[in-house]
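Read the structure below first, then the notes.
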Amino acid sequence: MDVDDPSNISTIDTTFLSYHTSSNNSVPYQVVLDIEFDSDGNMWVANPYCINGNNPIHVRSPNDEWKHYGSSETATRISQSPVSIAFDTWNRTWVSAFLAEEANLGIYPNGGISMLYYEGLPYNPANFTWEIIKYEGTVWSLGMGFNDRLYYLTPSGLNYYDINNGSNPVIRENSYAYFPNISFGRGAGIDVDHQGNIWTHSPTQGVHVLLENTTYWPDINGFRSSNSPLLSDEVRDIAFDEKRNLVYIATSKGVNILRIPFGQEKLDFSGVKVFPSPFYIPPSKPMKVDGLIFESSMMVMTLDGKIVRHIPTQGIGIDGDQLSWDGRDEAGDYVSSGVYLLAIYGKDGSQTMEKITVIKK
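Below is the structure:
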């Protein structure tokens, strides 16, 4: 559908994709579990249960040119139950699959991970080959992180491969899974934010986040309905608004919107906002300085330049593009009413000055 013209709708059905029938039911049905767009705007489709056609992966160019990938054109058989697609730095396509005996029939790999290498255009390749990376087992989702690290989610947890452009693409496999105590069943998935952090979601146990540096955020317990405002532990999907540092979490009971300290990095201080203004103390919530360059610090000063409070950066994972002040000085006492200067500076030497009116109740 053209979002600018909703009346412009195209149907992609069994004319283009493979489908499933059985001896008990001759009516064809078509299953699509993932749609991804590569850097050139080509649309890739994961099409499991492709008994009729035997092409589980399809690609469509922006000009409506199709290529259907299966096992018939190569010596390597690929799983007929794909569920997730990802792309690496070298434009190779990675596909994960789930256990499905009725789709793979003891002939094709039952689940696992495969990689497609092609020469030329994906919808009209001069040559292509499949490589099986993981031959069997359910892999619910793939996500490409920073530094050529491919994350994959199984029922046992989150893991990754470090990859390169060589003939043996996996140069290192992580030796243990993250979040092994979380149930990742059908519908579980991976989403990667703008800073390379890995967000996993479970159909029964909420959201758990692994930062790009492989530490947990906010901690190993993640976001559950029992420890956060998350509406339900049954999470269906996650989407990011990196410009506003927001994450949208779709659950079985509605959508949560969470402000996060990860998003599009600010290059200067032109969008700085201070709120609330005026700032009443004692406050119900601390004052926020928003729209900062990552890892900025701040000094709260009187108009004659006396430093009242120094607030150093605590890192991107805690501060994001914000700093907070609770209205107290270095001794822990609330400051007096008046106008205060906020001297903000980045680690690169950039700086700006803001003002805030404080009213002591």
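Numbering (numbering that gives the first Met the number 0), first residue to last: 0 to 360. For glycine and all other residues, C-beta sits at the position ideal for the given N, C-alpha and C.
Contact with chain B by residue i, beta-carbon distance below 9 Å
i, result
"E64", "In the structure shown, chain B does not exist; there is a single protein chain."
Identified DSSP bridge partners for residue i
i, result
"A45", "D33 and I56"
"P260", "None, per the DSSP bridge assignment."
"R171", "D161"
"D289", "K272 and Q321"
"T73", "According to DSSP, which records beta bridges pairwise, T73 is partnered with nothing at all."
"N51", "Y18"
Rounded straight-line distance, which links the Cα of residue j to that of residue i
i, j, result
"R223", "S231", "7 Å"
"I237", "G142", "13 Å"
"M0", "F127", "30 Å"
"E329", "T312", "16 Å"
"R148", "A176", "14 Å"
"I280", "M300", "16 Å"
"L271", "Q194", "The displayed chain sequence assigns Val, not Leu, to residue 271. Distance between the alpha carbons of V271 and Q194: 20 Å."
"I358", "P275", "11 Å"
"N62", "D12", "18 Å"
"V44", "N23", "27 Å"
"P47", "T10", "18 Å"
"T14", "L32", "18 Å"
"W139", "D332", "52 Å"
"N51", "N90", "29 Å"
"I306", "Y215", "35 Å"
"S349", "P81", "48 Å"
"I189", "P5", "29 Å"
"D303", "V273", "21 Å"
"I343", "L157", "38 Å"
"S251", "F183", "16 Å"
"N53", "E72", "11 Å"
"R76", "N164", "22 Å"
"V30", "E100", "16 Å"
C-beta atoms of residue i and residue j nearer than 9 Å
i, j, result
"G221", "F261", "no"
"L266", "M297", "no"
"E130", "Y116", "yes"
"G144", "E211", "yes"
"F278", "G326", "yes"
"K133", "Y150", "no"
"Y339", "K354", "yes"
"V206", "T199", "yes"
"Y146", "D161", "The residue asked about is misnamed: residue 146 is Asn in this sequence, not Tyr. Yes; because the gap between Cβ atoms is below 9 Å, this pair is in contact."
"L209", "N226", "no"
Beta-carbon contacts of residue i that lie in its chain and below 7 Å, excluding the five residues immediately before and after
i, result
"T137", "F97, L98, G110, T153 and P154"
"Y28", "Y18 and H19"
"I256", "L245 and Y247"
"G253", "L230"
"N103", "S78, Q79, S80 and N109"
Residue i (DSSP reduced to helix, strand or coil)
i, result
"I219", "coil"
"G136", "strand"
"G337", "strand"
"N103", "helix"
"I8", "coil"
"G195", "coil"
"D1", "strand"
"G316", "helix"
"I358", "strand"
"R243", "coil"
"I189", "strand"
"P361", "As displayed, the chain neither begins before 0 nor continues past 360, which places residue 361 out of reach and without an answer."
"D332", "coil"
"D236", "strand"
"Q350", "strand"
Spatial neighbours of residue i in its chain, beta-carbon cut-off 6 Å, leaving aside the 5 residues before and after
i, result
"C49", "S17, P55 and Q79"
"I292", "K265 and G345"
"L322", "V288, M297 and I310"
"I259", "N244 and V246"
"I34", "V44"
"R185", "none"
"F36", "M42"
Spatial neighbours of residue i in its chain, beta-carbon cut-off 8 Å, leaving aside the 5 residues before and after
i, result
"Y122", "N41, V58, R59, S60, E64, W65 and K66"
"V2", "none"
"I8", "M0 and D1"
"K242", "G262 and Q263"
"I317", "P260"
Near the ligand ADP: residue i beta-carbon under 8 Å from a heavy atom
i, result
"F261", "Of the ligands one can find in the structure shown there are none, so the ligand ADP has no counterpart to examine."
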